[in-house]
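Visitor: One structure is given below, represented as structure tokens, and several questions about it will come after.
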Amino acid sequence: MKYSLPTLTLLFLSFRVLGNIAPMILSADKSYYGLEKHIAVLPLHRQEGFDIRELIDYSDSNFQTGIDFNESQTVQWGKGYIINPDTVNQEYYFNLFHYTDYAQLYLVDSQDSIIWKSHTGEMVALDQRPFHEFMSTSLIVPVSVPPGHHSLYLRTDCQRKVSKEYRSLSTMYMEASEPFKTNNLPTPTKNGVFFGATLLLLFFALALYSISLDKLYLLTAILIGISGLFTFTFEGYTLYLFLNRAPYINGYIDDGLAAMTILAHMYVPIYYLRMPEYTPTTANVLKGLFVIQVGLTSFSFFYSVFYDLLYLNALVACFVTIPGYYHAIRNRYRPSYFYLMAMSALVFLLVWYILGYFGLIENDLFLQLYDVLAVITVQSFFLFAGLLLRFFEVNKQNQEKQLATERAIQQSEMKRRELVESQNQILEQKIVERTAEIHEKSKQLEKMDQIKSRFFANISHEFRTPLTLIIGPTQLLFEKAGNALERKTLQNILNNANILLDLINQLLDLAKSETSQLGLNSNYYESAPFFQTHIGRFHPMAQRKGIQLLQAIDNFMIHIDERKVQRAFSNLLSNALKFSPDQSVITIKCFRENNHGIIQIIDEGSGIPITEHQNIFERFYQINPKDTTQGSGIGLSIAKEYIELHGGTLRVENNIPTGSKFIMRLPGAFPLGTKQSLAILTPRPTSSTGKTLLDSSPLLEEKKLTLLLVEDNELMLEYVKNCLPIHNYNILEASNGQQGIQLANKHLPDLIVSDLMMPVVDGITLTDTLKNQMSTSHIPILLLTAKAALSDKVEGLKSGADDYLTKPFEKEELLARIETLIQNRKKLQTFYQTPPNEIGVQKEPTLQSMDQRFLTLLQQHIGDNISNEDYALESLCESIKMSRSTLYRKLKALTGLTPQLYIKRYRLQQAKELLKTTNLNVSEICFKVGFSSTSYFSTAFKQTYKQTPSQYQQNNTPGSPA
């Protein structure tokens, strides 16, 4: 545009008049004017609250150039000049940053008349602003500048505290109408592409996360989402769609999303670049910085330092991750390249902003870059591309691993076939070695599982032997006690010893429950006698504390394991007595409900906190571990396991007003009269300890027998001797299994009573050794042991033991077991002494005991020499390799017959068979079976079979009359 001479003169005069304030001379060659070069600011200390009219009278010397608006919360004024050298009005737009709460603009002509004014601000609703034709977060004010020289006054009023640069004139500009609309008018295509791409990338990132559940995909999706929301708000969509009546809120949302976007750029690269794997120190430092910056940013949100922290966080996000890039690239982690490219766009934008902030580039270029849609779009694309590459690489690695596995399987199959074809023997050897190795490992695992069981068994043995020495002698003293006080004292000892035995049994059950070996031995009982009997055991304890036991017990049939229910019931009642105060009441109720037996034990103690109701049934749990009166913590646990083993339940409730109520619920309860087999609780008289008493033993009337006692514990040996009637038995003693074997071989006792666990040779080995010797296999063996488990009893019986007695035991039970074994041996002797039994023709069974083998061998040697009338006993002993005395005692013990008599019985049996099955005459048969005299043969035959040989042959010849 060419200017006229008057215009040039006006311009010259203007520069002379305006002094230091550079005017904005409107020209077609320039459309953009940054206000920082054309506005002079009234110093803060001179602003005294005057209005525009007073300010017009101020001379330019009161305004200063080169200074900026202060960041304080107050009103500030600026002044500039606009010269329109044209002859027509020029259309322009003022763009003020959106953190200005209130702003007024005045245009004053050369006559000091206000020809135009406008107001806007962040606190002004959209519909009250001078311009809101399109979405923008900036404060836009249109102005029509008439020709000539004009003064521009700018009044800002900020109540919020923001950073100085957000109030800076460098953020404000004036631009011609057409270029302004071109540069700032949003295009639906541009925004649609951006937000569509952002949503698509967000969807794909979430889809990848749902497929792989990799944390990185979720973090990247969050980063893309936050960046999109920030742009959505920054572009003004939130303001124009939702906050048009309260536009100032948009600034806070914008700041918050900006902070979250920058912080996300600080946190996501930690995992995107695999820093915890490649450089854990840097990862930990970044995590620490992230936590610190989150805290600082949150606390400074409403203060001006917040914006400074944004720049600091941006710098950290861009530059502190450099070690992560280095290590990722060094390890050839290809997704890191895409993250580097994504961050390069943001670094470029940040550097450009810093250059603009320090005035090293033109503001118009900086403001054009303010539209960050393209930058964020490019960043999101590169981030997603990196994720996609990572996804495909991981899938490729998985596929390669799968292919490698398949190839390995194929190669292994080929090698296996080759080995089968060419090296079958080597392969079999390897299989044998591998099987042995697996078997050895399995044995080791089994051994480890058995260690605990052995521990419990050994502890049980160590406890049971002393208990036997307590209960047994005490029982003997009790039977001989002369006065009531002595009997009461001894009874207390017996009761407490039995309680200790019950605790030991619970300890063993504890071990069994861990290996699922607990089982039930159920029978039918009447409820009233059952529970009343067990309640009676606790009367002495209740009397000592002055506690009254109230019973309300209905009588009905119940199907239970007596021992386990008794133990559970005793544990509950014992606990109630232990924790109840003196002079209180404990109520025991038992009734039937829906075919279930309900047993309630209600005390008046301090009660159990509700929070502990479930815990008290845990094994070894104690409410107060420091309280030593609470016991070991297994009683309630064992009780619950016993009840649940029956299919029932055990629970606790708080009693009102005080105390606790334990409730057992057992299935299998029926009315009386139901046809079931009823277990008799007390069929025979019992001793004071509840054990069954025996009648006087018939052993006392027999001649002396020889008993061998094998026991390593001298006190236990003495106790067993004291239990035996000395005048009935000859007692042999051995302190270990080896001595016991030697004495048994030497004396061939009538019965052996042996402990199970002994030094040198244990009871199992002793039993197995004697039962597999022909000379001693007939001797009955009774094993005494502290091992109460069924498996231990089975092991002892399998070794050949005739009976098994668990410690502790009472005198009557020991004598009964001994009597039974001796009587069984006598029945066997009677069996062989009965004439009608055909001993000589018995067939050897498939599985023979050592005694059966002995008799078979004996009959074989006699049968081979039956026609030899001079066949002597010495020859028989030599044939079976047994001494004369040993043969005599063994044969006498088995059959009740001497060897000579046994040979005679065998000859007669064979003669009887020949008379019945052959046509030989009596004389021929007599000599054939080894008799030298027919008269002696006939006499012996008639004594045995009640008829002469001739009569027997005549009566039993085929075809003869019966």
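Using my numbering, the letters of the sequence shown correspond one by one to residues 43 to 1004.
Where a beta carbon is used, it is the ideal one built from N, C-alpha and C, also for glycine.
These numbers were taken from a predicted model, which means no experiment stands behind them.
1. Tell me which same chain residues have a C-beta within less than 6 Å of the C-beta of residue 998, skipping the five on either side of it?
2. Since residue 122 contacts residue 81 with CB under 8 Å, what's their CB separation in whole angstroms?
3. Are there 16 or more other CB atoms within 10 angstroms of the CB of residue 310, so buried, or fewer, so exposed?
4. In whole angstroms, what is the alpha-carbon distance linking residue 440 and residue 430?
5. Which class does residue 632 belong to by DSSP, given the choice of helix, strand or coil?
6. Within the segment 104 to 179, note down every full beta strand (DSSP E) run reaching 3 residues or more, in order along the chain.
7. What did DSSP end up calling residue 989 once you bin it into helix, strand or coil?
8. Residue 844: buried (16+ other C-beta within 10 angstroms of its C-beta) or exposed?
9. For residue 696 and residue 679, what's the separation of their Cα atoms in angstroms?
10. Would residue 646 be called buried (16 or more neighbouring beta carbons within 10 Å of its own) or exposed?
11. If you draw a straight line from the alpha carbon of residue 755 to that of residue 777, how long is it in whole angstroms?
12. Please classify residue 622 as buried or exposed, where buried requires at least 16 neighbouring CB atoms within 10 angstroms.
13. With distances taken Cα to Cα, identify the nearest neighbour of residue 573 among 605, 584 and 543.
14. Beta-carbon separation of residue 97 and residue 138 under 7 Å?
15. Under a Cβ-count criterion, where at least 16 other Cβ atoms within 10 Å of its own Cβ denotes burial, should residue 255 be classed as buried or exposed?
16. Would you grab the beta carbon distance between residue 688 and residue 562 for me? Rounded to a whole angstrom, and I think it's under 8 Å.
17. For a test of the three-state rule: what should DSSP assign to residue 761, helix, strand or coil?
18. Suppose contacts are defined by Cβ-Cβ distances below 7 Å. Is residue 626 in contact with residue 589 by that definition?
19. Label residue 617 either buried or exposed according to how many other C-beta atoms from any shown protein chain fall within 10 Å of its C-beta, with 16 as the threshold for buried.
20. Any idea if residue 951 is buried or exposed, counting beta-carbon neighbours within 10 angstroms, 16 or more meaning buried?
21. Whole angstroms are fine: how far does the CA of residue 386 sit from the CA of residue 450?
22. Just the C-alpha distance for residue 585 and residue 700, rounded to the nearest angstrom, thanks.
23. Which of the three DSSP states, helix, strand or coil, is assigned to residue 514?
24. Which runs of the beta strand (DSSP E), 3 residues or longer, sit entirely within the segment 416 to 492?
25. Is DSSP giving residue 197 helix, strand or coil here?
26. What residue does the beta strand (DSSP E) around residue 1006 start on, and which one ends it?
27. Is it the case that the segment 905 to 924 contacts the segment 847 to 865, given that we only count it when at least three CB pairs across the two stretches are under 8 Å?
28. Residue 188 and residue 286 look like a contact to me (Cβ under 8 Å); what is the Cβ gap, rounded to whole Å?
29. Along the chain, which unbroken stretches of the alpha helix (DSSP H) at least 4 residues long are found entirely within the segment 677 to 708?
30. Grouping DSSP H, G and I as helix and E and B as strand, with all else coil, what is residue 386?
31. Please report the distance separating the alpha-carbon of residue 613 from that of residue 602.
32. Assess, as a yes-or-no matter, whether the segment 465 to 478 is touched by the segment 278 to 296 under the definition of 3 or more beta carbon pairs within less than 8 Å.
33. Residue 682 and residue 692 look like a contact to me (Cβ under 8 Å); what is the Cβ gap, rounded to whole Å?
34. Tell me residue 772's beta-bridge partners as DSSP assigns them.
35. Near residue 884, which residues of its chain fall below 6 Å by C-beta distance, leaving aside the five closest residues on each side in sequence?
36. Report yes if the C-beta distance between residue 511 and residue 539 is below 7 Å; otherwise report no.
Guide: Taking the structure as given:
1. Looking up residue 998 in the sequence shown gives position 956. Counting only Cβ-Cβ distances below 6 Å, and skipping sequence neighbours, we find 958.
2. On the sequence shown, position 80 is the one that residue 122 refers to. On the sequence shown, position 39 is the one that residue 81 refers to. At roughly 4 Å, the Cβ-Cβ gap stays under 8 Å, so residue 122 and residue 81 are in contact.
3. On the sequence shown, residue 310 is found 268 positions in, with the first residue counted as 1. Buried is the call here.
4. Indexing the sequence shown from 1 puts residue 440 at position 398. Indexing the sequence shown from 1 puts residue 430 at position 388. Computed Cα separation, rounded: 15 Å.
5. Reading the sequence shown from its first residue, position 590 is the one you call residue 632. Strand, per DSSP.
6. The segment 104 to 179 contains these whole beta strand (DSSP E) runs: 117 to 126, 132 to 138, 144 to 150 and 156 to 162.
7. Within the sequence shown, numbered from 1, the residue matching residue 989 stands at position 947. In the structure shown, the three-state DSSP call for residue 989 is coil.
8. Translated into positions along the sequence shown, residue 844 becomes position 802. Counting other Cβ atoms within 10 Å of its Cβ, residue 844 reaches 16 or more and is therefore classed as buried.
9. The sequence position of residue 696 within the sequence shown is 654, counting from 1. The sequence position of residue 679 within the sequence shown is 637, counting from 1. Distance between the alpha carbons of residue 696 and residue 679: 19 Å.
10. Counting from one through the sequence shown, the residue named residue 646 turns up at place 604. Buried, since its Cβ has 16 or more Cβ neighbours within 10 Å.
11. Numbered from its first residue, the sequence shown carries residue 755 at position 713. Numbered from its first residue, the sequence shown carries residue 777 at position 735. For residue 755 and residue 777, the gap between their C-alpha atoms comes out near 8 Å.
12. As a working note, residue 622 is residue 580 in the sequence shown. Classification for residue 622: buried.
13. For the purposes of this step, residue 573 is taken as the residue at position 531 of the sequence shown. Closest option to residue 573, Cα to Cα, is 605.
14. Counting from one through the sequence shown, the residue named residue 97 turns up at place 55. Counting from one through the sequence shown, the residue named residue 138 turns up at place 96. Their beta carbons are not under 7 Å apart, which means residue 97 does not touch residue 138 by this criterion.
15. Indexing the sequence shown from 1 puts residue 255 at position 213. By the 10 Å Cβ count, residue 255 comes out exposed.
16. If you number the sequence shown from 1, residue 688 lands on position 646. If you number the sequence shown from 1, residue 562 lands on position 520. Rounded to whole angstroms, the Cβ separation of residue 688 and residue 562 is 7 Å, and the two are in contact under 8 Å.
17. Taking the sequence shown and counting its residues from 1, one reaches residue 761 at position 719. Three-state DSSP puts residue 761 in a helix.
18. As a position in the sequence shown, residue 626 is number 584, starting the count at 1. As a position in the sequence shown, residue 589 is number 547, starting the count at 1. When the beta-carbon positions are compared, residue 626 and residue 589 come within less than 7 Å of each other.
19. As a first step, residue 617 must be located in the sequence shown, where it is residue number 575. Per the 10 Å Cβ criterion, buried.
20. Taking the sequence shown and counting its residues from 1, one reaches residue 951 at position 909. Flag for residue 951 reads buried.
21. Here the question's residue 450 lines up with position 408 in the sequence shown. Here the question's residue 386 lines up with position 344 in the sequence shown. When rounded, the distance between both Cα atoms is 44 Å.
22. For this step, residue 585 is matched to residue 543 along the sequence shown. For this step, residue 700 is matched to residue 658 along the sequence shown. Distance between the alpha carbons of residue 585 and residue 700: 21 Å.
23. Reading the sequence shown from its first residue, position 472 is the one you call residue 514. Here residue 514 sits in helix by DSSP.
24. Here no run is fully enclosed.
25. Sequence index remark: in the sequence shown, residue 197 carries index 155 (1-based). Strand.
26. The first residue shown for the chain is 43 and the last is 1004, placing residue 1006 beyond what the model contains.
27. Not touching, per the Cβ criterion.
28. Residue 188 sits at position 146 when you count from the first residue of the sequence shown. Residue 286 sits at position 244 when you count from the first residue of the sequence shown. Wrong, their Cβ atoms sit about 32 Å apart, outside the cutoff.
29. For the segment 677 to 708, whole alpha helix (DSSP H) runs of length 4 or above, ordered along the chain, are 677 to 687.
30. Numbered from its first residue, the sequence shown carries residue 386 at position 344. In the displayed model, residue 386 falls within a helix according to three-state DSSP.
31. Here residue 613 corresponds to residue number 571 of the sequence shown, with the count starting at 1. Here residue 602 corresponds to residue number 560 of the sequence shown, with the count starting at 1. The straight-line gap from Cα to Cα measures roughly 17 Å.
32. In this structure the segment 278 to 296 does not lie against the segment 465 to 478, because fewer than three pairs of beta carbons, one per stretch, are closer than 8 Å.
33. As a working mapping, residue 682 is identified with position 640 in the sequence shown. As a working mapping, residue 692 is identified with position 650 in the sequence shown. Sure, about 5 Å apart at Cβ, within 8 Å.
34. Within the sequence shown, residue 772 is the residue found at index 730, counting from 1. Under DSSP, residue 772 shares a beta bridge with 748.
35. As a first step, residue 884 is located in the sequence shown; it is residue number 842 there, counting from the start. Note that residue 884 scores a pLDDT of 43, beneath 50, so its modelled location is shaky; the value from the coordinates is reported in the next line. Excluding positions up to five away in sequence, the list is empty.
36. As a first step, residue 511 must be located in the sequence shown, where it is residue number 469. As a first step, residue 539 must be located in the sequence shown, where it is residue number 497. In this structure, the beta-carbon distance from residue 511 to residue 539 does not fall below 7 Å.
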